[in-house]
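**Student:** My questions will all concern the structure given below.
Chains as they are written, first to last, in the numbering used here: chain A, -9 to 266; chain B, -9 to 266.
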């Protein structure tokens, strides 16, 4: 969002469903520890189709949540999703670019930014700009993945190449699918203090069938598989190699397979000089 | 241990110190959850220089610990280390090959195997063979790393190549530095039941200086750096590329760096048919 970069994952219904599945499977993993007091003013930046908004609202009843996104279509889906999943939740929706937010200085107590920075050409500038609407002493929470954290059994150079194709496409679109590992220096250089980053690890094997299905297959492999056409068009792979890569990824979800992925969750504080 | 494979990390004093540092830094991470009841018979297989034995003894006072290793020199160091670190611990030391253990069937209630399988040419056969000395219903605990789990900021192809060099040397010696991800299928196929594998993640950044020093620098980078001569002799790298890789790894321990590594801890049960 917030820039002219095309959203690398696309805007299809299928993509919306993927994001929903991902959020449901991972909600406990990602949202644990994030609960805002009743009455506090919370801004979700880049809410997309509301995959995280629903969990945010459920975890923080009484918080005054405002969700912004640059896409009107995504906001419509987000509104419908939250109405369905958290009927009691009062979320205010707003179409805006994060570099030009229609809010007063220090208007919010907390900012929540999930799976957004990976799509931005200037994540450092975005983080710095966001400080304007965050009150001094308020917190920023950022969650990002890192596709370079993925490793699996059985190993496969084809599977690795397919993942690298997705990473390169996202990079060519101006984003960074490896941004999770950079959160600590990014937040620090954007002027936040007390930056704390925790890895949140997904490990799936036969003893965790819900994660194998919900994460390995329906989230990660589906995400890589969804860029097949773009990867072939960009000459990043032959069709045969790509398909073998996806097939090999599916083997990691079979009985003897294992799959490991790391998300990063960062929490930081806006120092007193925030609105300077 | 237990095979004719040369121990890839070598047997120097410096290596012994590295293993000690590693064990101390990581003890809490790796040993949490492992405590055996007083009176229970515990076999540590491949104790090496006793880096883990000291923690094992400290975590399980009253357990009857037997520690075996194939190297008499390592056992001598292990004995000295445990005497110094856990003066009250009663550990019985035994030189033996794990495929030919001088113990009766079902002699032990629990087996503990840490950083051993990665050095074996036949880890599956080793795990299966160990079941003979484990009573039915007894538990096996295995801890292994996985060097393919390492990722870091700033990224560097040279750093990655140096790590790959270490992985290839260990593979050429018959071992597997990527074995952590395989524990689930390995233990399952070796005949154990209720196999549960948990990732144990090390994440180091500027807010965790003890881990930056104790793990990133003194454990991981030191381990990779220690195989320089072998890597160059094997033609895996030029001296210039290797040195740049190590220098780039050190950048991940600088102020803006981050480093991520995953250990795997598996616990499983020996089924009733164990001694069949």
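Think of the CB as a built atom: it goes at the ideal place given N, C-alpha and C, for glycine as much as any other residue.
#1: Starting from residue 274 of chain A, trace the beta strand (DSSP E) in both directions and tell me its first and last residue.
#2: I'd like the span of the beta strand (DSSP E) that includes residue 38 of chain A, first residue to last.
#3: Starting from residue 178 of chain A, follow the alpha helix (DSSP H) in both directions and report where the run begins and ends.
#4: From the beta carbon of residue 136 of chain B, is the nearest beta carbon of chain A less than 9 Å away?
#5: For a test of your reading of the model: does the CB of residue 145 of chain B fall under 8 Å from any non-hydrogen atom of the ligand GDP? Yes or no.
#6: Pull out every residue of the segment 186 to 220 of chain B whose Cβ sits closer than 8 Å to any Cβ of chain A, in chain order.
#7: Throw me the rounded Cβ distance for the residue 31 of chain A and residue 59 of chain A pair, which I believe falls under 8 Å.
#8: Which one of A/102, A/23 and A/232 has the shortest CA to CA distance from residue 128 of chain A?
#9: Residues in the same chain with beta-carbon distance under 7 Å from residue 141 of chain B, minus the five sequence neighbours each way, listed in chain order, please.
#10: DSSP three-state label for residue 206 of chain A, please.
#11: Secondary structure at residue 85 of chain B, three-state DSSP: helix, strand or coil?
#12: Nearest to residue 33 of chain B by alpha carbon, out of B/78, B/99, B/68 and B/42?
#13: Please name the residues in the segment 240 to 255 of chain B whose beta-carbon is closer than 7 Å to at least one beta-carbon of chain A, in chain order.
#14: Helix, strand or coil, according to DSSP, for residue 184 of chain A in the structure here?
#15: Enumerate in chain order the residues of its own chain whose CB-to-CB distance from residue 179 of chain A is below 7 Å, with the five nearest sequence positions on each side excluded.
#16: Would you identify the three-state DSSP class for residue 60 of chain B, choosing helix, strand or coil?
#17: CB-CB under 6 Å to residue 255 of chain A, same chain, minus the five flanking residues each way: which ones, in chain order?
#18: Which residues, taken in chain order from the segment 84 to 114 of chain B, show a beta carbon closer than 8 Å to some beta carbon of chain A?
#19: So, at 8 Å on beta carbons, what are the nonlocal neighbours of residue 266 of chain A in its own chain, with the 5 sequence-adjacent residues on each side left out?
#20: Pull up the distance between the alpha-carbon of residue 211 of chain B and that of residue 89 of chain B, whole angstroms please.
#21: So, for residue 149 of chain A: in the same chain, excluding its five sequence neighbours on each side, which residues have a beta-carbon less than 6 Å away from its beta-carbon?
#22: Could you compute how far the alpha carbon of residue 108 of chain A sits from the alpha carbon of residue 175 of chain A?
#23: Which whole-angstrom value is the C-beta distance of residue 35 of chain B and residue 106 of chain B, which I expect to be below 8 Å?
#24: Using a Cβ-Cβ cut-off of less than 7 Å, give me the residues of the segment 43 to 70 of chain B that come near chain A, in sequence order.
#25: Quick test of your reading: residue 96 of chain A and residue 124 of chain A, contact by CB under 8 Å. State the CB separation rounded to the nearest angstrom.
#26: Can you say whether residue 172 of chain A is buried or exposed, counting buried as having 16 or more other CB atoms within 10 angstroms of its CB?
#27: Closer than 8 Å between beta carbons: that is the criterion. Which residues of the segment 155 to 171 of chain B meet it against chain A?
#28: Answer yes or no: do residue 184 of chain B and residue 258 of chain B have a C-beta to C-beta separation smaller than 9 Å?
#29: Any C-beta of chain B sitting closer than 9 Å to the C-beta of residue 129 of chain A?
#30: DSSP beta-bridge partners for residue 137 of chain A?
#31: Against chain A, with Cβ distances strictly below 9 Å, would residue 265 of chain B count as a contact?
#32: So, for residue 21 of chain A: in the same chain, excluding its five sequence neighbours on each side, which residues have a beta-carbon less than 6 Å away from its beta-carbon?
#33: Taking the alpha-carbon of residue 223 of chain B as reference, which of B/159, B/57 and B/138 has the nearest alpha-carbon?
#34: Per the DSSP calculation, residue 130 of chain B is bridged to which residue(s)?
#35: Pick helix, strand or coil for residue 224 of chain A, following the three-state DSSP scheme.
#36: Rank B/177, B/163, B/203 and B/53 by C-alpha distance to the C-alpha of residue 131 of chain B and give the top, closest one.
**Tutor:** The structure says:
#1: Outside the shown range of chain A (-9 to 266) lies residue 274 of chain A, about which nothing can therefore be said.
#2: Residue 38 of chain A -> no beta strand (DSSP E), and no H or E assigned at all.
#3: 173 to 179
#4: yes
#5: As far as ligands go, the structure on display features none, and thus does not contain the ligand GDP.
#6: 186, 187, 188, 189, 191, 193, 195, 196 and 197
#7: 18 Å between Cβ atoms; not a contact.
#8: A/102
#9: 250
#10: helix
#11: strand
#12: B/99
#13: 246, 248, 250 and 252
#14: strand
#15: 114
#16: coil
#17: 133, 188 and 190
#18: none
#19: Confidence at residue 266 of chain A is low in this model, with a pLDDT of 44, below 50, so its placement is unreliable and the value that follows should be read with caution. Nothing meets the Cβ criterion.
#20: 32 Å
#21: 235, 238 and 239
#22: 15 Å
#23: 6 Å
#24: none
#25: 7 Å
#26: buried
#27: 168 and 171
#28: yes
#29: no
#30: Paired residue(s): none; residue 137 of chain A is not in a bridge.
#31: For residue 265 of chain B, the predicted model reports a pLDDT of 43, less than 50, meaning its position is unreliable; a value from the coordinates is still stated below. For residue 265 of chain B, the answer is no, since every Cβ of chain A falls outside 9 Å of its Cβ.
#32: 45 and 49
#33: B/159
#34: B/101 and B/258
#35: coil
#36: B/177
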